[in-house]
Amino acid sequence: MRANEDLRLFRIFTIADYEKEEVFLRQQHNAGYRLVRFALPGFYYFQKCQPEDVVYRLDFDNGNQEGRESYLQMFRDYGWEYMFRVSGWNYFRKAAAGDEDLEIFSDNASRLALVQRVFRTRMLPILLIFLACVIPQFSQSILGTFRYGFFLFWLVMFVLYVVLLAHSGLGLWKLKQKYSQEGGSL
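Residue numbers (the numbering used here): 174 to 359.
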């Protein structure tokens, strides 16, 4: 890859923004940049390509290696290209051609199961860390047991956690409501 063919972008998508991330990746491919790599906390690496309508989909798994090959084979059987896995999220893409099905989930029950897996394996641990670490440290710094610098650090951590928990929790709740209300197959 030559330097002028590369595109590196930094974007933050929370666990509840995976649908927005899919749209972002599709837009980049439509503009002539295909995703080749992703690195946390939000670095996307693209390579110049022919502009093409390519759909990107993300699926979250629990890291269960048992049955992984059959899981990936199922996607290959439906024409999806497996790209990579980052922090539990599997990235797939497929050219949007004609009336072909461009969804990886056949119904809203599967989408709800995804939201529940994300909540159980990502939101609950973050919430527990918040309750067990950030709040006690923040409260101790308020009581004056730490210096001013520590107080500012824990204040920033407290605000950051509250914002991230609120955004992600509300986003997952909205996805759950959306998938519950739509009902049936799409």
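From the three backbone atoms N, C-alpha and C, an ideal C-beta is built for every residue, glycine too.
- For the pair of segments examined, the segment 214-225 was found to touch the segment 182-201: the number of CB pairs separated by less than 8 Å reaches three.
- Residue burial is scored here from C-beta neighbours: Trp327 has at least 16 other C-beta atoms within 10 angstroms and is therefore classed as buried.
- Unbroken beta strand (DSSP E) runs of no fewer than 3 residues, entirely contained in the segment 203-236, are found at 206-212, 216-221 and 227-233, following chain order.
- Setting aside the 5 residues that flank it on each side, Phe219 is surrounded in the same chain by Asp179, Leu180, Arg181, Leu182, Gln201, Tyr206, Arg207, Leu208 and Val209, each with a C-beta closer than 8 Å to its C-beta; the list follows chain order.
- Pro309 and Phe303 have their alpha carbons spaced roughly 9 Å apart.
- Ranked by how close their Cα comes to the Cα of Arg199, the residues Asp190, Leu245 and Asp226 have Asp226 in first place.
- If you draw a straight line from the Cα of Leu345 to the Cα of Arg266, it is about 23 Å long.
- Closest by C-alpha distance to Asp250, out of Ser260, Gln350, Arg293 and Asp274, is Asp274.
- For Phe292, no beta strand (DSSP E) encloses it, and the DSSP letter there is neither H nor E.
- CA-to-CA, the gap between Phe292 and Glu195 works out to about 19 Å.
- Only exposed fits Phe257, as fewer than 16 other CB atoms lie within 10 angstroms of its CB.
- Taking Ser260 as the centre and dropping the five residues before and after it, the same chain places the C-beta of Leu213 closer than 8 Å to its C-beta, in chain order.
- The C-alpha of Val332 lies about 16 Å from the C-alpha of Leu301.
- Distance from the CA atom of Ser243 to the CA atom of Trp253, rounded to whole angstroms, is 14 Å.
- According to DSSP, Trp262 shares a beta bridge with Phe233 and Val259.
- Per the DSSP secondary-structure output, Leu182 pairs in a beta bridge with Tyr217.
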